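Residues in the sequence shown are numbered from 1 upward in steps of one, following full-length UniProt numbering.
Virtual Cβ for every residue (Gly too), placed ideally from N, Cα, C.
These numbers were taken from a predicted model, which means no experiment stands behind them.
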Amino acid sequence: MGRADQAVAALVREHWAPLLRSLIAFSGRVDLAEDALATACERAISSWAEQIPGHPVAWIRRTAQRALIDELRREQALVRRRHLIATDELVDAEEALPSDNDDRIELLWLACHPALGSESRPLLALRFVFGLLTERIARMFLVSTPTMAARITRAKRRVASAGFALTSSRDYPDRADDVARAISVAYAAAYFAGDDASDDLVTLLHQTARSRPHPALEALDVLVSLTHARRDARIGDDGRLLTLAEQDRSLWRVDEMTAALRRYSALPPSSGYAEELRAYATIAAAHALAPDIERTDWSLIDAAHRRLAQLGDSPLDRLDRAAGRAASGRPINRADVDRLRQELPDHHRVLVVAAHLHRQEGDEKAADELIRRAIELCEYEHERQALHHLLSSYTEPRD
């Protein structure tokens, strides 16, 4: 990566949100503001190849404003928008914009507008809040770049046609559940893909939970913090995903876990999505407190799964419960597995659980076939490597 690329990447990471928010305020157009800022960043990579300007943030903002005005003119909308753009003169920003965490939070609330579909919100959160390239978001969500570009374009058109505007997130506390869901999906996608955007999402979530207190955000903050604290131990030297039983717990970030456990102890019982997240945080806390897999408090985990069942009979919740039992070597109920295979027939983790059941029952041939099929369906490389390792352990000669 050249100096210009590095400079633009650093600028995007620190200043994307305040720049985008100022461009939205300047134009009144969320979609065009985002496009103009992306265009300015692309132009910077080529324009800065020989020399980086003395005030790079001001350069980006002026270039984005010019692109924004040009696009409004092409739409023949400039006259109608004189009340939004009072003059063609550009703001002369000699100083870098401060990196204001509130900018990110307000853009996050905008990306999670209820008029947008739930599948679009995490995509726009990654795009609006962090300025991630479409190619990078596509890798996280395991789709092609053209497919992801089409999804983001449709979502931005929806934003434009509905006339969304930047409003204070404090005026819309009822949107917090949607924000929590979007962050959860975005974090899971980044975490499984091994993308360092997961670090930024953890930071943003922690800031959001503190500045916009809400049961769902606070519970998700605990859950994600406990999960993220295990990041250094989750991938083995051979590149495969390690189970909790295999992880070197000395690599877990004890300081992060301790802080998250303190926040967990302060979570009150709730309802709905917030209570679902609190139950999952209970499971993560049980693992964090265990010195090894054998001394895990499985009764606490089972109680959390029973609470999840009371909140809603979700196949994914039941899959997590069955997978946990399989990983701990405890018996798996055949009726539960059969039901999961009917509901999620092509989910590779369901097939892994079914393979454990067949091994439990002594049918090693069926177990091997299921793992081979799971490998075909699994799209995450680290997880595929783990399944290959599991298969080799199944097929090794026994004494």
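CA-to-CA distance, residue 235 to residue 58, given in whole angstroms: By 1-based counting over the sequence shown, the position of residue 58 is 58. By 1-based counting over the sequence shown, the position of residue 235 is 235. So the alpha carbons of these two residues sit roughly 41 Å apart.
Among residues of its own chain, excluding the 5 on either side of residue 102, which ones have a beta-carbon nearer than 7 Å to its beta-carbon? Here residue 102 refers to the residue found at position 102 of the sequence shown. Nothing meets the Cβ criterion.
Can you tell me whether residue 213 is buried or exposed, with buried defined as 16 or more other CB within 10 angstroms of its CB? On the sequence shown, residue 213 is found 213 positions in, with the first residue counted as 1. Exposed is the call here.
Should residue 63 go down as buried or exposed, given a rule of 16 or more other Cβ atoms within 10 Å for buried? Taking the sequence shown and counting its residues from 1, one reaches residue 63 at position 63. So residue 63 ends up on the buried side.
Can you tell me whether residue 12 is buried or exposed? The criterion is at least 16 other CB atoms within 10 Å of its CB, across all chains shown. Counting from 1 along the sequence shown, the entry for residue 12 is found at position 12. When all chains shown are included, residue 12 counts as buried.
Please classify residue 53 as buried or exposed, where buried requires at least 16 other C-beta atoms within 10 Å of its C-beta. In the sequence shown, counting from the first residue as 1, residue 53 sits at position 53. Residue 53 comes out exposed.
To which residues does DSSP link residue 241 through a beta bridge? Against the sequence shown, residue 241 aligns to sequence position 241. 235.
Separation of residue 222 from residue 19, as counted between CA atoms: Here the question's residue 19 lines up with position 19 in the sequence shown. Here the question's residue 222 lines up with position 222 in the sequence shown. Answer to the nearest angstrom: the Cα atoms are 30 Å apart.
Close-in-space but distant-in-sequence residues of the same chain around residue 130 (CB under 7 Å, 5 per side omitted): Reading the sequence shown from its first residue, position 130 is the one you call residue 130. So the list reads 16, 197, 200, once near-sequence residues are dropped.
Taking contact to mean at least 3 C-beta pairs separated by less than 8 Å, is the segment 233-250 in contact with the segment 298-306? no
Checking 9 Å against the spacing of the C-beta atoms, do residue 321 and residue 336 come in under that value? Residue 321 sits at position 321 when you count from the first residue of the sequence shown. Residue 336 sits at position 336 when you count from the first residue of the sequence shown. Yes, Cβ-Cβ distance for residue 321 and residue 336 is below 9 Å.
Going by beta-carbon coordinates alone, are residue 182 and residue 115 separated by less than 9 Å? By 1-based counting over the sequence shown, the position of residue 182 is 182. By 1-based counting over the sequence shown, the position of residue 115 is 115. It is not a contact, given that the beta carbons lie outside the stated cut-off.
Could you name the residues of the same chain whose beta carbon sits closer than 6 Å to that of residue 125, not counting the 5 residues immediately before and after it, in chain order? For this step, residue 125 is matched to residue 125 along the sequence shown. So the qualifying residues of the chain are 108, 111, 182, 186.
Minimum length 4: unbroken alpha helix (DSSP H) runs contained in the segment 159-219: 176-193, 197-211
If the criterion is Cβ atoms closer than 9 Å, does the pair residue 373 and residue 351 meet it? Position 373 of the sequence shown, counting from 1, holds the residue named residue 373. Position 351 of the sequence shown, counting from 1, holds the residue named residue 351. The answer is yes: Cβ separation under 9 Å.
Measure the CB-CB distance between residue 257 and residue 288 and report whether it falls below 9 Å. On the sequence shown, residue 257 is found 257 positions in, with the first residue counted as 1. On the sequence shown, residue 288 is found 288 positions in, with the first residue counted as 1. Yes.
Inter-residue spacing [alpha-carbon to alpha-carbon] between residue 326 and residue 232: Start at 1 with the first residue of the sequence shown, and residue 326 comes out as number 326. Start at 1 with the first residue of the sequence shown, and residue 232 comes out as number 232. Near 23 Å, if we compare the C-alpha coordinates of residue 232 and residue 326.
Determine the direct distance from the alpha carbon of residue 32 to that of residue 70, and round the result to whole angstroms. For this step, residue 70 is matched to residue 70 along the sequence shown. For this step, residue 32 is matched to residue 32 along the sequence shown. Approximately 10 Å, taken between the alpha carbons.
What is the DSSP secondary structure of residue 104, counted as helix, strand or coil? In the sequence shown, the residue the question calls residue 104 occupies position 104. Of the three classes helix, strand and coil, the one that applies to residue 104 here is helix, per DSSP.
Shortest alpha-carbon distance to residue 61 belongs to which of 41, 74, 73, 346? The residue given as residue 61 occupies position 61 in the sequence shown. That would be 41, whose Cα lies nearest to the Cα of residue 61.
Nearest to residue 191 by alpha carbon, out of 224, 206, 316, 386? Start at 1 with the first residue of the sequence shown, and residue 191 comes out as number 191. If we check each option's Cα against that of residue 191, 224 comes out closest.
Residues in the same chain with beta-carbon distance under 8 Å from residue 38, minus the five sequence neighbours each way, listed in chain order, please. Residue 38 sits at position 38 when you count from the first residue of the sequence shown. Counting only Cβ-Cβ distances below 8 Å, and skipping sequence neighbours, we find 131.
Which two residues bound the contiguous alpha helix (DSSP H) that contains residue 41? Along the sequence shown, read from residue 1 onward, the residue named residue 41 stands at position 41. Looking at the DSSP string, the run of the alpha helix (DSSP H) that includes residue 41 is 30-47.
What would DSSP say about residue 18, mapped onto helix, strand or coil? Along the sequence shown, read from residue 1 onward, the residue named residue 18 stands at position 18. Helix at residue 18.
Using DSSP with H/G/I as helix, E/B as strand and the rest coil, what is residue 272? For the purposes of this step, residue 272 is identified with residue 272 of the sequence shown, where counting begins at 1. Helix.
Let me confirm a value: residue 177 is counted as buried when at least 16 other C-beta atoms fall within 10 Å, else exposed. Which label applies? Mapped onto the sequence shown, residue 177 falls at position 177. Per the 10 Å Cβ criterion, buried.
CB residue 7 to CB residue 44, shorter than 9 Å? Indexing the sequence shown from 1 puts residue 7 at position 7. Indexing the sequence shown from 1 puts residue 44 at position 44. Yes. Within cutoff.
Endpoints, the alpha helix (DSSP H) within which residue 364 is located: Here residue 364 is taken as the residue at index 364 of the sequence shown, counted from 1. That run of the alpha helix (DSSP H) goes 364-377.
Suppose the cutoff is 6 Å on Cβ atoms and the five residues either side in sequence are ignored; what does the same chain contact list for residue 149 look like? Along the sequence shown, read from residue 1 onward, the residue named residue 149 stands at position 149. Counting only Cβ-Cβ distances below 6 Å, and skipping sequence neighbours, we find 134.
For residue 227, does the count of other Cβ atoms within 10 angstroms reach 16, so buried, or fall short, so exposed? For the purposes of this step, residue 227 is identified with residue 227 of the sequence shown, where counting begins at 1. Buried, because 16 or more other Cβ atoms sit within 10 Å of the Cβ of residue 227.
Backbone CA spacing between residue 142 and residue 379 [nearest angstrom]: As a first step, residue 142 must be located in the sequence shown, where it is residue number 142. As a first step, residue 379 must be located in the sequence shown, where it is residue number 379. Near 7 Å, if we compare the C-alpha coordinates of residue 379 and residue 142.
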